[in-house]
Amino acid sequence: MQEFLDRTIVRVWASRANSEHDGKGVGHVSIELLGADNDNHYISLFPKDLTALRAITHTIPNKFHTLEEDIRIEERPPEILLCFYSFNHDFIIEKFESIKRNITGWSVVGNPLKMEEFWRTESCASLAYKVLQAGDSRSLLPTLKDDSKQAAKGSPWLFRSPSYCSELTLGALVTSPDSFAKVLKQMKLDELKKRPELKDVQYEGETTDLDSNNTAWCSVM
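The numbers in my numbering rise by one with no breaks, and the one at position 122 of the sequence shown is 110.
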């Protein structure tokens, strides 16, 4: 069965602030597309020539890595590796190529307000979120509408507008590889619920400890 599936691999290297994993730095997220037709792609955004002055002035150039470069720079394999089989690779690649044409640099906070006409920097996590969103044919990514309700709770009435809360929630989601990792785990559980036949599909090194109670799903694989 596996040879007939388009596999989307999401790797997360935890940050040094991660409470569950022994990470380093600010963390990192990458996406690998393994097509059933052997059309493979790797999506990984990194800063280049990072200096204190560039960080202050938001003028950090970007570069794109291979998987081998990511592992060498991070000095370890990813702490989290999840495989999905419900994303449209053509749409992901189309979105990635569009971002590559317009990006002006790297930023640790990415582009949380999606102001592409003014602010065209991305982080590794914001890039990963946007390309996955483009290929999300089965609605695995959390909806901003639902998350906005949580963001609005306890907020002053001035900040309860759907547009404000949506941007706030998106910003919180995509600026942190650690936060994104939690979302990815829930997405994998949702995919297994929608497509139970995937429980028998295995990939070497894939993370199986998914739910909040630390219950592995390898028992059904």
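Each residue gets a CB set at the ideal place from its N, CA and C atoms; glycine is no exception.
* Asked: Is there contact here, the stretch 169 to 177 with the stretch 54 to 71, by at least three beta-carbon pairs under 8 Å?
  -> yes
* Asked: Within 10 angstroms of its Cβ, does H77 collect 16 or more other Cβ (buried), or is it exposed?
  -> buried
* Tell me whether L38 sits in a helix, a strand or coil according to DSSP, three-state version. => L38: coil per DSSP, three-state reduction.
* Asked: The alpha helix (DSSP H) with Y117 in it runs from where to where?
  -> Boundaries of the alpha helix (DSSP H) around Y117: C112 to A122.
* Please report how far the alpha carbon of E236 lies from the alpha carbon of K12, in whole angstroms. => Nothing in the structure corresponds to residue 236, since the chain is present only between -11 and 209.
* Where does S18 fall in DSSP's three states? -> strand
* Asked: Which class does K88 belong to by DSSP, given the choice of helix, strand or coil?
  -> helix
* L128 vs E82 beta-carbon contact at 8 Å -> Cβ distance not < 8 Å, so L128 and E82 don't count as in contact.
* Cutoff 8 Å; reference P165; Cβ partners in own chain excluding five residues on either side -> V0, W1, A2, S3, V14, G15, H16, V17, C112 and A113
* In the structure shown, what three-state DSSP assignment does H29 receive? -> strand
* Using a threshold of 8 Å, state whether the C-beta atoms of R126 and K88 are closer than that. => No. Outside cutoff.
* Asked: Is I61 helix, strand or coil when you go by DSSP?
  -> helix
* **Rounded C-alpha distance that separates I48 from E185** => 44 Å
* Using the beta-carbon count (16 or more within 10 Å), is N50 buried or exposed? -> buried
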